[in-house]
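Q:
Residue numbers (our numbering), protein chains in the order written: chain A, 44 to 458; chain B, 64 to 489.
(1) Is residue 143/A close to chain B? Criterion is C-beta to C-beta, closer than 8 Å.
(2) What residues from the region 368-390 of chain B come within 9 Å of chain A, judged by C-beta to C-beta, listed N to C?
(3) Any idea what DSSP makes of residue 190/B, helix, strand or coil?
(4) Taking DSSP as the reference, what is the three-state secondary structure of residue 167/B?
(5) Examine chain A for any beta-carbon lying closer than 8 Å to the beta-carbon of residue 485/B, and answer yes or no.
(6) I'd like to check one pair, residue 476/B with residue 410/B: are the Cβ atoms closer than 8 Å?
(7) Just to check my reading of the structure: residue 485/B and residue 341/B have Cβ atoms closer than 8 Å, yes? What is that Cβ distance to the nearest angstrom?
(8) Classify residue 210/B as helix, strand or coil using the three-state DSSP reduction.
(9) Could you spell out where the alpha helix (DSSP H) holding residue 394/B opens and where it closes?
(10) Rounded to the nearest angstrom, how far is the Cβ of residue 307/B from that of residue 347/B, given a contact under 8 Å?
(11) Check whether the Cβ of residue 300/B lies closer than 8 Å to any Cβ atom in chain A.
(12) Can you name, in chain order, every residue of its own chain whose Cβ lies under 6 Å from the Cβ of residue 133/B, other than the five neighbours on each side?
(13) Please look up how many angstroms separate the CB atoms of residue 187/A and residue 206/A, rounded, as I've assumed it's under 8 Å.
(14) Tell me whether the region 381-396 of chain A and the region 313-328 of chain A touch, counting them as touching only if at least three CB pairs, one residue from each stretch, are closer than 8 Å.
(15) When DSSP labels each residue in this structure, what does residue 294/B get in the three-state scheme?
(16) Buried or exposed: where does residue 378/A fall if 16 or more other Cβ atoms within 10 Å of its Cβ makes it buried?
(17) For residue 462/B, count neighbouring Cβ atoms within 10 angstroms of its own Cβ and tell me buried if that reaches 16, exposed if not.
(18) Comparing alpha-carbon positions, which option in 246/B, 242/B and 234/B lies nearest residue 120/B?
(19) Report yes or no: is there a C-beta of chain A within less than 8 Å of the C-beta of residue 52/B?
(20) Please compile the residues from chain B whose C-beta is within a distance smaller than 7 Å of the C-beta of residue 171/A.
(21) How would you list, in chain order, the residues of chain B whose beta-carbon sits under 9 Å from the beta-carbon of residue 162/A?
(22) What beta strand (DSSP E) runs, 3 residues minimum, are completely inside the region 94-118 of chain B?
(23) For a contact meaning CB atoms closer than 7 Å, what does residue 196/A contact in chain B?
(24) Can you tell which of 430/B, 386/B and 338/B has its C-alpha closest to the C-alpha of residue 287/B?
(25) If you draw a straight line from the C-alpha of residue 387/A to the C-alpha of residue 434/A, how long is it?
(26) In or out: residue 364/A buried (at least 16 other Cβ within 10 Å) or exposed?
(27) Taking contact to mean at least 3 C-beta pairs separated by less than 8 Å, is the region 440-450 of chain B in contact with the region 370-386 of chain B?
(28) Report back the beta-carbon spacing between residue 306/A and residue 370/A to the nearest angstrom; my notes put them in contact at under 8 Å.
(29) Can you tell me whether residue 357/B is buried or exposed, with buried defined as 16 or more other CB within 10 angstroms of its CB?
(30) CB-CB under 7 Å to residue 302/A, same chain, minus the five flanking residues each way: which ones, in chain order?
(31) List the whole-angstrom C-beta distance separating residue 382/B from residue 79/B, where the pair is believed to meet the contact cut-off of C-beta under 8 Å.
(32) Which runs of the alpha helix (DSSP H) at least 4 residues long sit entirely within the region 210-291 of chain B? Give them in chain order.
(33) With 8 Å set as the bound, which would you pick, yes or no: does the beta-carbon of residue 224/A sit closer than that to a beta-carbon of chain B?
(34) For chain B, find out if any of its Cβ atoms is closer than 8 Å to the Cβ of residue 262/A; answer yes or no.
(35) When the Cα of residue 198/A is compared with those of 224/A, 181/A and 218/A, which residue comes out closest?
(36) Determine, using beta carbons only, whether residue 459/A comes closer than 8 Å to chain B.
And the structure:
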């Protein structure tokens, strides 16, 4: 899809452009997203943006720089276009006819082809225009990329994702899945993911030195990252005046360092998989009633049919009673994939072998090791299965240094 | 500088297949500055006093009406244009003594009060003719914010009944009119028709002694309005149907039929002039079905002054399979749905009572008692208690009183549309 590709790269620009921590946290930038400026207004809906907001609180559009100028590839008038960030002038909205007339260069509505207005909705059928948050790709390095997608059946993307490569060469991926029934969980999930990733990237230990010492260090760091993410999620609730249903989210973080150390942590039912090329997959065990049923011996297929299967027992947020991460470390490992995802993906392949099979199928389809293309393919597959939930897929390729060329060259090879 | 804000209260989540979207939009204005800010010369006031023969029975009514007109005169700010009409068979200009309206100043104020004392009762109650005279005088005045206060003690007579509706459609958009009925010989429905069409209020003043204070307040309220001709502009998507647009606070007023189409998807509803105030509107739109996961606008609700959008509220529809979300009831929508039902239950109940249909009257007024009790609308409960004995407010069980003062029934009827504000969500 041509427009999807255009949208994607623009979204990545918007997200990375705003969140300096995603690109430069290896250099020690603080966890909070960078300020978007004092009195900036949302480019999609015109609402005032708070300093530090990555997305508009009102409409969810990316707070793309606000006042810093347009990325060259942004279509004029698109929701992410900073030139549209100023509140509409009286002239542009005063004529009643203008409400249903396309502004020059206005994007077209996906549903009816009408013009999407500066409030972010179609002027003809009312369909919400595509938001940067609906689908975005981050690809900070050739071996690391992720895609975060709204899916089909949810109206908003409440998944959050943050990726980066530390100065030490370690790939870091964090996925947080916002709880739909708690309003504004989309804010919590993104802020939490970014805080955790920033902490991990900032404090990543050098790859050389004692493996055991690094394992110890990463284990501690992952616990700290989860605590930091929880504090940020609670902070979001606080800025909302501590609502009775505070925004909350899951947490899943994975790292793989250049020496084959794999470490991951999770809280809730977002998952981390280590999928080695030789097939012995390792996967996190959900903090959910479903996982508890299986642990007590219930057949997984039968458990999946139980009403409480998806009820999580741990999460981050102001109302969490157990916001703690479980940590697993592996290695040194051989070549393989670290996959961090939300349940929007694994619902369609709950079993690690099945998911590894999907990844192999995606590899065959894409014809390369490009993690961005593979993440897109897996997201497209989950949407093809129904897209019942938001879908986030982050992939980090680990290739021992002797075979590192395969990663960079993108040649098809062994799965 | 006047500023407007619009705030939307709704549950935007709809289950699969649902099409009806309801929202309460609270519009608040501040810094309107009153007529001094908008320029008194662009403001025109008319005081229309019934001087038909019945005003002499008893004579205290005519005396009170003169005092009330003089109290209103005292509130009109210097520079505003004004005139005083005496309504009987036709309408006579009591003041000014030359054609047209005159600016208020020390001299014209004193003269007008003297001329008001010369009003003598005699003749019929030709409400339509009174409004026609007021309309043509307002039109020639050149003022853009025109307001009248009309006092009568009787029902329309001395002209064909259709004259009133004709006068109202001619006056629509020319001026606003607050109506007051004195005594028990006037018809609530007639004055409500005038006040509704001309964006004003209606009330009963049972005791002539209270009339001057009431007129003073009406005129003070009018003088506080600094922004003329505010419109509520409602966009709804293609293929949708705006089921109703209803003002629900401070009083219920169904605007649905009064929209002016400005484009195929947009209608504007006149709301008159605004002081610093807050009004709530309940908007209901039937939208085309959309799949689960869709998010669409069901309405854009804007406040428009001089064709400039001052505030905008977005009414959304999000189709979800999450029943935790779709089954939530928005308290504002529920509250005002109840208040609108309360108003119609009272009006229907009183109409049934007049028609001798005691069963319907008992049911409707019982439902009214229940709704008023549930929502804590104590003022309405007190008015209801003069017409029915409330046995069980929770269940809505009432008995019609055998002896009801006409003024009490009229007070309940005229004030049935007064709502109480909902306690807003944070």
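C-beta: ideal position from N, C-alpha, C; glycine also.
A: From the atom records:
(1) Caution applies to residue 143/A, whose pLDDT of 38 falls short of 50 and renders its modelled position unreliable; the value that the coordinates give is listed next. Residue 143/A belongs to the set of residues whose beta carbon lies under 8 Å from a beta carbon in chain B.
(2) Contact annotation: in the region 368-390 of chain B, residues whose CB is within less than 9 Å of a CB in chain A are 369, 370, 371, 372, 375, 377, 379, 380, 381, 382, 383, 384, 385, 387 and 388.
(3) helix
(4) coil
(5) no
(6) yes
(7) Their Cβ separation, rounded to whole angstroms, is 12 Å, which puts residue 485/B and residue 341/B out of contact at 8 Å.
(8) strand
(9) 394-417
(10) Right, the Cβ-Cβ distance comes to about 5 Å (below 8 Å), so this counts as a contact.
(11) It does; some Cβ of chain A falls within 8 Å.
(12) 176 and 179
(13) 6 Å
(14) Judged by Cβ distances under 8 Å, the region 381-396 of chain A makes contact with the region 313-328 of chain A, as three or more pairs qualify.
(15) strand
(16) buried
(17) exposed
(18) Closest by alpha carbon: 246/B.
(19) Past the edges of chain B, shown from 64 to 489, lies residue 52/B, and the structure says nothing about it.
(20) 358 and 359
(21) 360, 363, 375 and 377
(22) 106-113
(23) 355, 356 and 384
(24) 338/B
(25) 4 Å
(26) exposed
(27) No: the two stretches stay apart, fewer than three of their Cβ pairs being nearer than 8 Å.
(28) 7 Å
(29) buried
(30) 250 and 375
(31) With a contact defined as Cβ atoms closer than 8 Å, residue 382/B and residue 79/B qualify at about 6 Å.
(32) Entirely contained in the region 210-291 of chain B, the alpha helix (DSSP H) runs reaching 4 residues are, in chain order, 225-234, 251-260 and 274-286.
(33) yes
(34) no
(35) For residue 198/A, the nearest C-alpha among the options comes from 224/A.
(36) Look at the range of chain A in this structure, 44 to 458, and you will see that residue 459/A is not part of it.
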